[in-house]
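Presented below is the structure to which this report refers.
Protein chains: 2
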Amino acid sequence: MPAQLLRALADPTRRAVFERIARAEMTVSQVRKAFAISQPAISQHLAALKRAGLVRQRRQGRFTYYRAEPGGLQPLMAWIARYRAFWPERIAELQLMLRELEE
Amino acid sequence: MPAQLLRALADPTRRAVFERIARAEMTVSQVRKAFAISQPAISQHLAALKRAGLVRQRRQGRFTYYRAEPGGLQPLMAWIARYRAFWPERIAELQLMLRELEE
DNA sequence: ATAACATATAAGTAAATGCTTATATAAAGG
DNA sequence: CCTTTATATAAGCATTTACTTATATGTTAT
Chain S
3 MPAQLLRALA DPTRRAVFER IARAEMTVSQ VRKAFAISQP AISQHLAALK RAGLVRQRRQ
63 GRFTYYRAEP GGLQPLMAWI ARYRAFWPER IAELQLMLRE LEE
Chain X
3 MPAQLLRALA DPTRRAVFER IARAEMTVSQ VRKAFAISQP AISQHLAALK RAGLVRQRRQ
63 GRFTYYRAEP GGLQPLMAWI ARYRAFWPER IAELQLMLRE LEE
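As you go down the protein sequences, you meet chains S and X in turn. Mapping the first sequence onto my numbering, position 103 (from 1) lands on 105, and the numbers just tick up by one. Mapping the second sequence onto my numbering, position 51 (from 1) lands on 53, and the numbers just tick up by one.
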């Protein structure tokens, strides 16, 4: 039941914030530079992502470093997986992806 | 970029509607019985699911049968998969799930 | 034909949401 | 100290959203 998770990911800006800090740990100000919205807006998005378990935060002096916690996507992955039985033709594809990753 | 998809899934009621018709094809009225909301509300949820590619509809006389299209989840699956590189400890788990399915 | 039924669409509304500006909190530097 | 910098929180606002009731559309049955 990934309720809060899906709501967190539903907003495009918030999703973009997540994608950004997934590439590299960043401070709030650094995230802000990538977007055309105010610092509070960024902080609010980060708070929402944190509540959803998608983000971790680390305080260092007056800076707060945020990094993505992709493991927070796991409940969503599991939810989707419940439907994999209905689309067997996709499974080969998925397995292929996994195999590629292993190399 | 599963924008419409994630917005469609973000609402708990709509997600429950999807889950319901994933179990079996149903008419609008049959879906309605499972929820404490009006028929128009159900129709609106179904329309949203359809726009997201999560649902198919088949007209038969005055009935409209809806069934889930779990393949519509694929873009979301693919989006999540982009982050699998960051959580290698989950992969074994996922592979296990897939193997179980094969049996 | 007309009534009953199944669904969709329209219009209105209350609540949620994503932003803003203003302010609080806290750390660092002069 | 006092100012600057980094972030969070508060309050307000406009838009979106998930519902409602009312109505339109289309189909079956009498």
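Yeah, the Cβ is synthetic: ideal placement off N, Cα and C, and Gly gets one too. Since the model is a prediction, treat every value here as computed from it, not as a measurement.
message: For Ile-23 (chain X) and Ala-38 (chain S), what's the separation of their Cα atoms in angstroms?
response: 40 Å
message: Which residue marks the beginning of the beta strand (DSSP E) containing Ala-70 (chain S), and which one marks its end?
response: 65 to 70
Span separating the alpha-carbon of Trp-61 (chain X) from that of Tyr-67 (chain X): First, the amino acid is wrong: residue 61 (chain X) is Arg here, not Trp. Arg-61 (chain X) and Tyr-67 (chain X): Cα-Cα distance of roughly 6 Å.
query: What are the residues that DSSP puts in a beta bridge with Val-57 (chain S)?
result: S:Ala-70
- prompt: Any beta-carbon of chain X closer than 8 Å to the one on Ala-18 (chain S)?
  reply: no
Interface flag, Arg-9 (chain S) vs chain X, CB-CB below 8 Å: yes
message: Determine, for Met-28 (chain S), whether the minimum Cβ-Cβ distance to residues of chain X falls below 8 Å.
response: no
task: Note down, in chain order, all residues in the stretch 69 to 88 of chain S with a beta-carbon under 8 Å from any beta-carbon belonging to chain X.
output: Ala-70, Pro-72, Gly-73, Leu-75, Gln-76, Leu-78, Met-79, Ile-82, Ala-83, Tyr-85, Arg-86, Ala-87, Phe-88
message: Tell me the residue span of the alpha helix (DSSP H) that contains Ser-31 (chain S).
response: 30 to 35
message: Here's a check: name, in chain order, each residue in its chain whose Cβ is nearer than 8 Å to the Cβ of Ile-44 (chain S), leaving out the five neighbours to either side.
response: Val-19, Val-30, Val-33, Arg-34, Phe-37
query: On the three-pair Cβ rule with 8 Å, is the stretch 3 to 16 of chain S touching the stretch 48 to 63 of chain S?
result: Judged by Cβ distances under 8 Å, the stretch 3 to 16 of chain S makes contact with the stretch 48 to 63 of chain S, as three or more pairs qualify.
query: Where DSSP assigns a beta bridge to Gln-62 (chain S), which residues make up the other side?
result: For Gln-62 (chain S), which the question treats as bridged, DSSP gives the partners S:Phe-65.
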